[in-house]
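Here the structure is laid out as structure tokens; the discussion comes afterwards.
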Amino acid sequence: MPILRLLDNNNDELLKSTKEALSVRFEMTDMGQLKYFLGMEIDQDPRTGNVSVRQTKFAKDILEKFSMEMSNPVKTPQDPGLKLTKAMCEGGDPWHTVPVSRYPNRLTRTG
Numbered sequence: 001m002p003i004l005r006l007l008d009n010n011n012d013e014l015l016k017s018t019k020e021a022l023s024v025r026f027e028m029t030d031m032g033q034l035k036y037f038l039g040m041e042i043d044q045d046p047r048t049g050n051v052s053v054r055q056t057k058f059a060k061d062i063l064e065k066f067s068m069e070m071s072n073p074v075k076t077p078q079d080p081g082l083k084l085t086k087a088m089c090e091g092g093d094p095w096h097t098v099p100v101s102r103y104p105n106r107l108t109r110t111g
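So the sequence shown is numbered by UniProt numbering: it starts at 1 and just counts up by one.
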């Protein structure tokens, strides 16, 4: 049975038998409804079937890690005529930009 059909099915007996069959082959634990996975917060509404995904906690954790909790948001992209120069830099620590550059690709717009 395709996994999407199983997920879309409200048949509790089918879900139970599928879990049992999977547990014979794989080591697994049923931890209930998914709430957090790979930095994403997941909310599921069983009544409507809606699923929403956010990365709020992940984004806050990154800001805390690099002491940027008090940063002010700005619209992007910036003014297209803006020319950045070294003179505009307030002499921040060069090490700070290296690890931060690893994170933007992991943080995606999810809602």
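Glycine included, each C-beta is placed from N, C-alpha and C at the ideal position.
Query: Out of G39, L34, S17, point me to the one whose CA is closest to D45's CA.; Result: L34
Query: For F37, which beta-bridge partners are listed by DSSP?; Result: M40
Query: Please name the residue in R47, D79, M40 whose C-alpha comes closest to that of D61.; Result: M40
Query: Can you tell me where the alpha helix (DSSP H) with V53 in it begins and where it stops?; Result: That residue, V53, is in no alpha helix (DSSP H); its beta strand (DSSP E) goes 50 to 54.
Query: Do you know how far the Cα of V51 is from the Cα of residue 120?; Result: Coverage of the chain is limited to positions 1 through 111, which leaves residue 120 absent and any answer about it impossible.
Query: Taking the alpha carbon of D30 as the reference point, which residue from K16, D43, I42 has its own alpha carbon closest?; Result: K16
Query: What would DSSP say about D30, mapped onto helix, strand or coil?; Result: coil
Query: Report the three-state DSSP secondary structure of D79 (helix, strand or coil).; Result: coil
Query: Where do the N-terminal and C-terminal ends of the alpha helix (DSSP H) with R17 fall, by residue?; Result: First, the amino acid is wrong: residue 17 is Ser here, not Arg. It spans 12 to 25 - the alpha helix (DSSP H) in which S17 sits, taken as one unbroken run.
Query: To the nearest angstrom, report how far apart F66 and F58 are at their CA atoms.; Result: 13 Å
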